[in-house]
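A short worksheet on the structure shown next.
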Amino acid sequence: MNDDSFKRYLCLGCGFLYDEQLGLPEYGIPPGTRWADIPDDWVCPDCGTPKSNFELVEMPYADDEPARSQLT
1 MNDDSFKRYL CLGCGFLYDE QLGLPEYGIP PGTRWADIPD DWVCPDCGTP KSNFELVEMP
61 YADDEPARSQ LT
């Protein structure tokens, strides 16, 4: 994975997964939004855990991804 690859971040509070490639359009975060560009005061939409309690996860995309990993 190079620096231009999209990354995923896991909420340590509930397991919610933020995927840079997908963004969270339903919360005003467009697809392609990098983690660094999300405000520091942002919190997990599922449990309210602060951004500082998310962890980068190394998880390659499957052949048919990206696909929304959360139920909406």
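For the sequence shown, UniProt numbering assigns the number 72 to the last residue and increments by one with no breaks. For each residue, glycine too, the CB sits at the ideal point set by N, CA and C. Please read these numbers as outputs of a predicted model, since none were measured by experiment.
Judged by DSSP in its simplified three-state form, proline 50 adopts strand. Excluding sequence positions up to five before and after valine 57, its CB lies within less than 6 Å of the CB of Arg8 and Leu10, all in the same chain and listed in chain order. Counting along the chain, leucine 22 sits inside no beta strand (DSSP E), nor does DSSP assign it H or E at all. For tyrosine 18, the number of other beta carbons within 10 angstroms of its own is at least 16, and it is reported as buried.
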